[in-house]
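FYI, the numbering for the sequence shown is 281 to 521, going by the numbering used here. Read through the structure below, which is laid out as structure tokens, and then see the notes.
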Amino acid sequence: MRNKVFTTFLEAVADIPDDATIMIGGFGHAVDKPQNLIRALKDQGAKNLTIIVNGAGVTGKLGIGSLGGKPFIDEEILLENRQIKKAICSVPASLVMSKPSTFERQYLAGEVELEYVPQGTLAERIRAGGAGLGGFFTPTGVGTLIEKGKEKRIIDGKEMLLEFALRADYAFIKAYRADTMGNLTYCGIMRSFNAIMATAANVSIAEVEQIVKTGELDPEIIVTPGIFIDRIIEIPKERNQ
Numbered sequence: 281m282r283n284k285v286f287t288t289f290l291e292a293v294a295d296i297p298d299d300a301t302i303m304i305g306g307f308g309h310a311v312d313k314p315q316n317l318i319r320a321l322k323d324q325g326a327k328n329l330t331i332i333v334n335g336a337g338v339t340g341k342l343g344i345g346s347l348g349g350k351p352f353i354d355e356e357i358l359l360e361n362r363q364i365k366k367a368i369c370s371v372p373a374s375l376v377m378s379k380p381s382t383f384e385r386q387y388l389a390g391e392v393e394l395e396y397v398p399q400g401t402l403a404e405r406i407r408a409g410g411a412g413l414g415g416f417f418t419p420t421g422v423g424t425l426i427e428k429g430k431e432k433r434i435i436d437g438k439e440m441l442l443e444f445a446l447r448a449d450y451a452f453i454k455a456y457r458a459d460t461m462g463n464l465t466y467c468g469i470m471r472s473f474n475a476i477m478a479t480a481a482n483v484s485i486a487e488v489e490q491i492v493k494t495g496e497l498d499p500e501i502i503v504t505p506g507i508f509i510d511r512i513i514e515i516p517k518e519r520n521q
């Protein structure tokens with residue numbers, strides 16, 4: 281059986297090439313963000329990346345959305361390092377208007393691209409990608425700028441837009457526990473975007489708070505089956521947040 285357990289975060293992201301598309305899990309909190317994988321990707325240095333993420337503009341530097349206001353690492357460090365060419369996200373701006381994020385500044389300067397997606401639509405596009413679907417119709421966005429250039433149909437008397445599924449080359453996710461086969465459990469908000477992104481990438485990499493032997497996880501609490509997970513790394517205790 282192929283060994284999925286990696287010893288370092290840098291080793292886990294070493295093969296990510298320039299121009300890759302990467303899903304980065306988390307809703308926007310310290311506890312559910314794959315901070316160590318993000319840090320490793322910054323050190324690895326791949327460029328011209330497309331990221332699929334809930335909030336490209338909610339910076340951990342401001343402590344917004346973090347537990348107790350404690351700053352944490354997020355996509356901001358990749359933007360500061362000029363590694364991102366495009367973001368597909370639902371929150372492209374800082375939650376504090378007087379403190380614009382790096383993404384906002386780069387976008388307004390024409391240095392990065394943005395595909396804005398309503399949050400529920402983003403989650404469903406990712407879920408559809410993981411389920412092998414091509415797309416779906418939704419009423420979300422009808423009558424707004426979101427509908428520009430999209431196919432529209434009347435279904436059950438409602439106007440609906442065609443939205444295409446999303447997949448990525450790699451997914452960075454955060455989970456609570458894993459066994460050595462890659463089966464994952466989550467804790468609280470960790471489940472948010474992490475669980476659906478785990479199924480929608482060619483290579484899914486999970487950083488977890490604890491790795492246990494196969495058979496030690498109760499099958500009834502496994503959310504992500506190991507078949508979807510390619511690499512797992514245990515977070516050093518001093519880095520658990």
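Ideal placement from N, C-alpha and C gives every residue a C-beta, glycine not left out.
Query - Bridge partner(s) assigned by DSSP for Leu441 - result: Beta-bridge partners of Leu441 (DSSP): Thr418 and Lys432.
Requested in this report: Flag this pair as yes or no: are the beta carbons of Ser381 and Glu356 separated by less than 9 Å?
Outcome: Ser381 places its beta carbon less than 9 Å from that of Glu356.
Query raised in the report: Exposed or buried, what is Gln389 when buried is set at 16 or more other beta-carbons lying within 10 Å of its beta-carbon?
Result: The residue asked about is misnamed: residue 389 is Ala in this sequence, not Gln. It is exposed - the Cβ of Ala389 has fewer than 16 other Cβ atoms within 10 Å.
Query raised in the report: Going by alpha carbons, who is nearest to Ile331 out of Ile364, Arg407, Glu291 and Arg511?
Result: Nearest Cα to Ile331 within the set Ile364, Arg407, Glu291 and Arg511: Ile364.
Query raised in the report: With burial defined as no fewer than 16 other Cβ atoms inside 10 Å of the residue's Cβ, what is the status of Leu347: buried or exposed?
Result: Unreliable placement is indicated for Leu347, whose pLDDT of 46 sits below 50; the coordinate value is still reported in the next sentence. When all chains shown are included, Leu347 counts as exposed.
Requested in this report: Would you list, in sequence order, the uninterrupted alpha helix (DSSP H) runs of no fewer than 4 residues that lie entirely inside the segment 341-400?
Outcome: Counting only runs of 4 or more, we get 356-360 and 382-388.
Query - Range of the contiguous beta strand (DSSP E) that encloses Met303 - result: Bounds of the beta strand (DSSP E) holding Met303 are Thr301 to Ile304.
Requested in this report: Inspect the beta-carbon positions of Ala475 and Thr494 and report whether they are closer than 9 Å.
Outcome: Against a cut-off of 9 Å, the Cβ pair of Thr494 and Ala475 comes out as no contact.
Query raised in the report: Do Glu489 and Ile515 come within 9 Å of each other at the CB atom, strictly closer than that value?
Result: Judged by their CB atoms, Ile515 and Glu489 are nearer to each other than the 9 Å cut-off.
Query raised in the report: What whole-angstrom Cβ distance do Leu359 and Glu487 have, given they're in contact under 8 Å?
Result: Not a contact, Cβ separation roughly 20 Å.
Query raised in the report: Under the rule that 16 or more other beta-carbon atoms within 10 Å means buried, what is Gly531, buried or exposed?
Result: The structure shown has nothing for residue 531, since the chain only spans 281 to 521.
Query raised in the report: Run through DSSP, which three-state label would Glu514 get?
Result: Per DSSP, reduced to three states, the secondary structure at Glu514 is strand.
**Report entry** Val293, enclosing alpha helix (DSSP H) - first and last residue
**Finding:** Start and end: Phe289 to Val293.
Report task. Just the C-alpha distance for Asp522 and Asp295, rounded to the nearest angstrom, thanks. Result -> Since the first and last residues shown for the chain are 281 and 521, residue 522 lies out of range.
Query raised in the report: In whole angstroms, what is the alpha-carbon distance linking Gly423 and Val311?
Result: Their Cα atoms are separated by approximately 36 Å.
Report task. Throw me the rounded Cβ distance for the Pro314 and Gly305 pair, which I believe falls under 8 Å. Result -> Cβ atoms of Pro314 and Gly305 come within 8 Å of each other, at about 6 Å.
Report task. Pick helix, strand or coil for Ala326, following the three-state DSSP scheme. Result -> It is coil, neither helix nor strand.
**Report entry** Where Ala455 falls: helix, strand or coil (DSSP)
**Finding:** Strand at Ala455.
Requested in this report: Could you tell me if Glu443 is buried or exposed, where buried requires 16 or more neighbouring beta carbons within 10 angstroms of its beta carbon?
Outcome: Glu443 should be labelled buried.
Report task. Classify Thr479 as buried or exposed, calling it buried when 16 or more other Cβ atoms lie within 10 Å of its own Cβ. Result -> Under this definition Thr479 is a buried residue.
Report task. Please report the residue range of the alpha helix (DSSP H) in which Ala575 lies. Result -> The requested residue 575 does not occur in the structure, where the chain is confined to residues 281 to 521.
Requested in this report: Give the DSSP-derived three-state secondary structure of Leu464 in the structure shown.
Outcome: In the structure shown, the three-state DSSP call for Leu464 is strand.
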